[in-house]
Amino acid sequence: MKCLYCSCTESKVVDSRSSDDARTIRRRRECVGCGRRFTTYETIEVTPVLVVKNNGTRQAFNAEKIRNGIIKSCEKRPVPMATIDDIVADISKQVYNSMESEITSKQIGEMVMDRLKKTDEVAYVRYASVYRSFKDISSFMAELQSMMGNK
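This is how it looks when you write it as structure tokens:
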């Protein structure tokens, strides 16, 4: 960090505290060269992840869309909101930790279905019926039979 006053690159941290949003750290520094003090702010750099949709378009990853889809599939089911939040946080973490700049909507859908299958089978079937867009009852039954076969 360069001093604003003398351009010296050596400084020491005098005080450090979190800002109001708890996502930024405010640091008070003292220049070793001239002794003057200045403030710096440290934030996490988030690289945007783009979701590649089935039609080839791209849009920014949005965890709220995942949350809304899960909430719809869990409607009138005994799935607490805390569980839904945990699923969304887990998927978001997995997306950002993948270190990829793009992820397909299909991959995200599979992550959601994997977690819903472990959480609530009815919610899983609801989500899968929309996500996989079953064309007829036979494809829907095939999915149900594969679920029953895994038990």
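This note's numbering applies: residue 1049 is where the sequence shown begins, and numbers increase by one. The beta carbon of each residue, even a glycine, is placed where N, CA and C say it ideally should be. Computed from a prediction, not measured in an experiment: that's the story for all the values here.
Can you give the Cα-Cα distance for residue 1137 and residue 1167, rounded to whole angstroms? Start at 1 with the first residue of the sequence shown, and residue 1137 comes out as number 89. Start at 1 with the first residue of the sequence shown, and residue 1167 comes out as number 119. Taking C-alpha positions only, residue 1137 is separated from residue 1167 by approximately 15 angstroms.
Would you kindly check if the distance between the Cβ of residue 1140 and the Cβ of residue 1114 is under 9 angstroms? Counted from its first residue, the sequence shown places residue 1114 at position 66. Counted from its first residue, the sequence shown places residue 1140 at position 92. At the C-beta level, residue 1114 and residue 1140 come within 9 angstroms of one another.
Once DSSP output is grouped into helix, strand and coil, what is the label at residue 1105? Translated into the one-based positions of the sequence shown, residue 1105 becomes position 57. If DSSP states are grouped into helix, strand and coil, residue 1105 belongs with coil.
Alpha carbon of residue 1062 to alpha carbon of residue 1135, nearest angstrom: Against the sequence shown, residue 1062 aligns to sequence position 14. Against the sequence shown, residue 1135 aligns to sequence position 87. Roughly 40 angstroms between the two C-alpha positions.
Less than 9 angstroms separating the beta-carbons of residue 1079 and residue 1059? For this step, residue 1079 is matched to residue 31 along the sequence shown. For this step, residue 1059 is matched to residue 11 along the sequence shown. Cβ atoms of residue 1079 and residue 1059: closer than 9 angstroms.
Should residue 1197 be labelled buried (16 or more other beta-carbon atoms within 10 Å of its own) or exposed? Position 149 of the sequence shown holds residue 1197. Residue 1197 counts as exposed, since fewer than 16 other C-beta atoms from the protein chains shown sit within 10 angstroms of its C-beta.
Determine whether the beta carbon atoms of residue 1100 and residue 1108 lie at a separation below 9 angstroms. By one-based count along the sequence shown, residue 1100 stands at place 52. By one-based count along the sequence shown, residue 1108 stands at place 60. No. Outside cutoff.
Is residue 1091 helix, strand or coil when you go by DSSP? For the purposes of this step, residue 1091 is taken as the residue at position 43 of the sequence shown. Looking at residue 1091 - three-state DSSP - the assignment turns out to be strand.
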